[in-house]
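**Q** Residue numbers (our numbering): 121 to 315.
In this text, a Cβ means the ideal position worked out from N, Cα and C, and glycines have one as well.
Below you'll find the structure I mean.
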Amino acid sequence: MGSTGIELSTLRNINTFYPNRELIWLVTISNCLVSNLPDRVSSTGGSAIFLVNNEKATILSWTSKKIQRTVKDILNVECIALSLCIDEAMVLREAVLQGFNMENKSDHVPIYTYTDSKSLWGNIHSTNQAADLKLRREVQSIRQHIELKEIKDCCWISSQMMLADCLTKKTASSENLLRAITTGELSINLRKDQM
121 MGSTGIELST LRNINTFYPN RELIWLVTIS NCLVSNLPDR VSSTGGSAIF LVNNEKATIL
181 SWTSKKIQRT VKDILNVECI ALSLCIDEAM VLREAVLQGF NMENKSDHVP IYTYTDSKSL
241 WGNIHSTNQA ADLKLRREVQ SIRQHIELKE IKDCCWISSQ MMLADCLTKK TASSENLLRA
301 ITTGELSINL RKDQM
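Take a look at the structure:
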């Protein structure tokens, strides 16, 4: 499993592809699978990050790799995978802002994160704290990104709409992710208030 990311030099001509820079945002989609690697202990995290406007989506980065921390619970792995995806999206946003010669403000290119874990989504949007201390720290970090407006929101999507499944599961179909990459159309339903 490997990963790829966009180079800053690739973004030099970004104005050609996205002339209306007021209507762009990043969409991150993360997923994981717990204890799925040959040692039966290590877990895999996968993510896809798209630059989106009203007409098309362009993949900027995809990742499929071993989660460095050993965890026993799927919720913890989902949270770690989402945190890693958010970190990468924030770096990519800086590159996009540089490509557009824009000020480095998070509201110029908002980030929307998507997970198919209802438990994780519930923990992020709840005022209650998670019982597990490691999970509590990760969830608080994501909440802080939202409170500081570094990311716009963390949204739940159904498992059928999860484009990153094929980056973590051998048996998952890559059809939806490949369709999004080749056509520029995301199969997830973006809420109207996100545009």
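Using only CA atoms, which one of V172, L287, N248, S150 lies nearest to W276?
**A** Closest in C-alpha terms to W276, from the list V172, L287, N248, S150, comes S150.
**Q** Near I301, what residues of its chain come up, given a Cβ to Cβ distance below 8 angstroms and the 5 sequence neighbours on each side ignored?
**A** So the qualifying residues of the chain are I179.
**Q** Tell me whether K238 sits in a helix, a strand or coil according to DSSP, three-state version.
**A** helix
**Q** Grab me the residues of L306's own chain with a C-beta within less than 6 angstroms of its C-beta, minus the 5 sequence neighbours each way, in chain order.
**A** A177, A300
**Q** Just to confirm the assignment: which complete alpha helix (DSSP H) runs, minimum length 4, are found wholly within the stretch 176-233?
**A** 194-219
**Q** Looking at the structure shown, is S306 part of a helix, part of a strand, or coil, going by DSSP?
**A** Inspection of the sequence shows that residue 306 is occupied by Leu rather than by Ser. Reduced to three states, the DSSP call for L306 is coil.
**Q** Assess, as a yes-or-no matter, whether the stretch 242-258 is touched by the stretch 279-298 under the definition of 3 or more beta carbon pairs within less than 8 angstroms.
**A** no
**Q** In terms of residues, what are the limits of the beta strand (DSSP E) holding L153?
**A** 145-153
**Q** Opposite A284 in the DSSP bridges: which residues?
**A** Bridge partners of A284: none, in fact.
**Q** Looking at C-alpha atoms only, which residue of G166, Q280, L217 is the closest neighbour of I231?
**A** L217
**Q** At the level of alpha carbons, what is the spacing between E182 and K269?
**A** The question names Glu, but residue 182 is Trp in the sequence shown. Those two C-alpha atoms are separated by around 24 angstroms.
**Q** Ends of the alpha helix (DSSP H) at S261?
**A** Unbroken alpha helix (DSSP H) run through S261: 253-267.
**Q** So, with DSSP's three-state summary, where would you put G125?
**A** At G125 the pLDDT is 49, less than 50, meaning the model places this residue with poor confidence and gives no usable figure here.
**Q** Can you give the Cα-Cα distance for E267 and L204, rounded to whole angstroms?
**A** 18 angstroms
**Q** So, at 7 angstroms on beta carbons, what are the nonlocal neighbours of V259 in its own chain, with the 5 sequence-adjacent residues on each side left out?
**A** C199, N243, I244, A250
**Q** Could you compute how far the alpha carbon of T291 sits from the alpha carbon of L195?
**A** The straight-line gap from Cα to Cα measures roughly 21 angstroms.
**Q** Which one or two residues does DSSP pair with T164 in a beta bridge?
**A** Checking the DSSP bridge columns, you'll see T164 partnered with L153, K186.
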